[in-house]
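So the mapping is simple: this note's numbering equals the position in the sequence shown, first residue as 1, plus 503.
Ideal Cβ placement from N, Cα and C applies to all residues, glycine included.
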Amino acid sequence: MPRKVIFLDIDGVMNSLAGKAGQRGLSSWLDPVHVALLNDVVRATGAVVVVSSSWRRSMPLDALRLAFAEAGCVAEVVDVTPDLDPGRRGREIAAWLAAQREPPTRYAILDDTFDMPELPGKLVKTSRVEGLTAREVPRLLALLAD
């Protein structure tokens, strides 16, 4: 398993309330500004993505990979978290980590909605109004640093 993982929510992280409501398909919901910031983090750290967003319930992994690629995302989307408890995303991330034979050495969680009491200190919370901004990048880089 990869050494560094970003657990990624989509709505409110890779887009914002000012986004493209009414557009069809996930790739149209991935804002180019947010994708560019995620790309910067991935290039700097070598991290891969595990999708924790509710989009994972309606799209198979291959479709998620394709949508991210179509949006210009360079991150390797390697997996999705299990669907255990929609109200407790941290529990689902903890379950994914526990299921790995070799858990990642570093990880960060990007989310706009959920708190993660199960995984203290790992959440980088975005504003659903703005999505991922340059303000969150230093914390992400610190969590994923060697």
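Excluding the 5 residues flanking it on each side, Cys-576 has same chain C-beta neighbours closer than 6 Å at Val-538, in chain order. Shown here for Val-545: same chain residues with a beta carbon closer than 7 Å to its own, the five before and five after excluded, namely Val-577 and Ala-578 in chain order. Contact between the segment 591 to 599 and the segment 610 to 617 is present: three or more C-beta pairs spanning the two stretches fall below 8 Å. Bounds of the alpha helix (DSSP H) holding Val-640 are 640 to 647. For the options Leu-511, Asp-534 and Ala-550, the alpha carbon positioned closest to that of Ala-648 is the one of Ala-550. Arg-609 is bridged by DSSP to Lys-507. Of the residues assessed, Asp-512 falls on the buried side of the cut-off, its CB having 16 or more other CB atoms within 10 angstroms.
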